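> This structure is in structure tokens; I'll ask about it shortly.
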Amino acid sequence: MKPLTFRTKIVATIGPACYSADVLREMMLAGMNVASAA
């Protein structure tokens with residue numbers, strides 16, 4: 071039997087406060103997997 075694996079994703083909505091590359095980089099380093107532009 072295969073062990074259970076969880077594929078939890080962190081989804082972030084990107085708005086005006088997050089448009090800089092530095093902020094997006096920090097969000098990715100913190101674990102963001104998917105970004106959606108608002």
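For the sequence shown, position 29 matches number 99 in the working numbering, and the numbering has no gaps at all. Note that the Cβ used here is the ideal one computed from N, Cα and C, for glycine as well. Since this is a predicted model, take the numbers as computed values, not measurements.
How is A82 classed by DSSP in three states: helix, strand or coil?
Mapped onto the sequence shown, residue 82 falls at position 12. Reduced to three states, the DSSP call for A82 is strand.
> With a Cβ-Cβ cutoff of 7 Å, do A82 and M102 count as a contact?
Counting from 1 along the sequence shown, the entry for residue 82 is found at position 12. Counting from 1 along the sequence shown, the entry for residue 102 is found at position 32. Going by C-beta atoms, A82 is nearer than 7 Å to M102.
> Does the beta-carbon distance from A105 to I84 come in below 7 Å?
The count along the sequence shown starts at 1 and reaches residue 105 at position 35. The count along the sequence shown starts at 1 and reaches residue 84 at position 14. Yes, the pair counts as a contact, with Cβ atoms nearer than the cut-off.
> Where do the N-terminal and C-terminal ends of the alpha helix (DSSP H) with A91 fall, by residue?
Along the sequence shown, read from residue 1 onward, the residue named residue 91 stands at position 21. Note, A91: alpha helix (DSSP H), 91-99.
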